[in-house]
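S.K.: Before I ask anything, let me first share the structure, which is written out below as structure tokens.
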Amino acid sequence: MRLRPRRRRPTVRVTQHGDPLDDDLLFVLGWGNKPDHRSVEWLIDHLTHAGYHVHAVELPTNGWDFDSQYVDPVRAYVLDRDIDLVLSHSTGGLVGAHLDLAVRHVFLSPWWGMALDGFDKVLFPLIRRLPTTRRLVPSGITRESLGELKLAAEVADAPDRVSPAFLRTIREAQQTLPPFTSRNVVFYSPTDSVVGVRTIGERTPASNLVPYDGGHEFFASEARERTLSKVLDVLDAGVEAVRPGAADGEHSEPPRSAD
641 MRLRPRRRRP TVRVTQHGDP LDDDLLFVLG WGNKPDHRSV EWLIDHLTHA
691 GYHVHAVELP TNGWDFDSQY VDPVRAYVLD RDIDLVLSHS TGGLVGAHLD
741 LAVRHVFLSP WWGMALDGFD KVLFPLIRRL PTTRRLVPSG ITRESLGELK
791 LAAEVADAPD RVSPAFLRTI REAQQTLPPF TSRNVVFYSP TDSVVGVRTI
841 GERTPASNLV PYDGGHEFFA SEARERTLSK VLDVLDAGVE AVRPGAADGE
891 HSEPPRSAD
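Following our numbering, the numbering of the sequence shown begins with 641 at its first residue and continues without gaps.
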């Protein structure tokens, strides 16, 4: 009798960076990001130089149960530590929102909505219903959409396809987001093609939004030094550190209609 192989259960990996005596900052990385990727390492190095002890969370790329495989492991890690601040990017921003911690949270291009156009809006609901964890769906993520400084090898290091089960659990998490907290701040690129910019605008008060010039990963974009300065200011002082509607580009806030 031939036995079906068991699905490999996704795991969360956490690494620590910097001086353990500094303020503890939880940094939940985006889908496919790793701490040793050059652009991510650049950001972590600047965070440690700014006086943070960084707990970098690397998320699985093909989970099928958002609570048990993403949120619960990160929450369990946090409960054993005195985390002062949270920084998160993309999928990490979706996980971080569901953690709903009683500390200030800075979101970087959070994946709170899908970036769908044209026929994809019709096709996506059908694809995500398929009962499989096999990676069948092209991710659609390119080096150009992430940032000019992103290494091609780092793009290739992430899977080029995702499973319907992963898309389904992500969509369910997006539809059950807790209310936005006024102390939190969201950085976003108006031209982001990876996440739903409109959803960010629907969910976030204008006074808590900070636009930046660059791709989905500000830390892989050419203007990253300027954006980093604002991120550090917000981590230090909160929403008071930014002026409502201040913009690096032409747009002051994303569209506020549904994706």
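Every residue, glycine too, gets a C-beta built ideally from N, C-alpha and C.
1. Quickly, what does DSSP pair Glu698 with across the bridge? List them, please.
2. Taking the straight line between their C-alpha atoms, what separation do you get for Ser708 and Gly670?
3. Beta carbon of Arg648: closer than 7 Å to some heavy atom of the ligand HEM?
4. At a cut of 8 Å, does the stretch 844–854 reach the stretch 758–778 through at least three beta carbon pairs?
5. Can you tell me which of Ala798, Val825, His738 and Asp662 puts its alpha carbon nearest to the alpha carbon of Asp724?
6. Could you pull the start and end residues of the alpha helix (DSSP H) that His745 belongs to?
7. Using C-beta distances below 6 Å, list every residue in its chain close to Ala898, excluding the 5 sequence neighbours before and after it, in chain order.
8. Going by DSSP in three states, Tyr710 sits in which element: helix, strand or coil?
9. Rank Val837, Ala792, Thr655 and Trp682 by C-alpha distance to the C-alpha of Pro750 and give the top, closest one.
10. Nearest-angstrom Cα distance between Val697 and Val654?
11. Within the stretch 781–865, note down every full alpha helix (DSSP H) run reaching 4 residues or more, in order along the chain.
12. Since Thr809 and Asp740 should fall inside the 8 Å C-beta cutoff, what is the C-beta to C-beta distance between them, to a whole number of angstroms?
13. With distances taken from CA atoms, which of Leu727, Phe806, Ala798 and Arg801 is nearest Arg769?
M.R.: Looking at the atomic coordinates:
1. Residue numbering aside, residue 698 sits at position 58 when the sequence shown is read from its first letter. Answer is Arg653.
2. Within the sequence shown, numbered from 1, the residue matching residue 708 stands at position 68. Within the sequence shown, numbered from 1, the residue matching residue 670 stands at position 30. Roughly 18 Å between the two C-alpha positions.
3. Of the ligands one can find in the structure shown there are none, so the ligand HEM has no counterpart to examine.
4. no
5. Here residue 724 refers to the residue found at position 84 when the sequence shown is read from its first residue. Comparing Cα positions, the closest option is Asp662.
6. For the purposes of this step, residue 745 is taken as the residue at position 105 of the sequence shown. That residue, His745, is in no alpha helix (DSSP H); its beta strand (DSSP E) goes Arg744 to Leu748.
7. In the sequence shown, counting from the first residue as 1, residue 898 sits at position 258. Caution applies to Ala898, whose pLDDT of 42 falls short of 50 and renders its modelled position unreliable; the model cannot decide the point.
8. Here residue 710 refers to the residue found at position 70 of the sequence shown. Helix, per DSSP.
9. Here the question's residue 750 lines up with position 110 in the sequence shown. For Pro750, the nearest C-alpha among the options comes from Val837.
10. Stepping through the sequence shown from its first residue, residue 697 is reached at position 57. Stepping through the sequence shown from its first residue, residue 654 is reached at position 14. Looking at the two C-alpha atoms, the distance is approximately 5 Å.
11. 783–786, 792–797, 804–815 and 837–843
12. The residue you call residue 809 lines up with position 169 of the sequence shown. The residue you call residue 740 lines up with position 100 of the sequence shown. About 18 Å separates the two Cβ atoms, so there is no contact after all.
13. As a first step, residue 769 is located in the sequence shown; it is residue number 129 there, counting from the start. Arg769 has its Cα closest to that of Phe806, out of Leu727, Phe806, Ala798 and Arg801.
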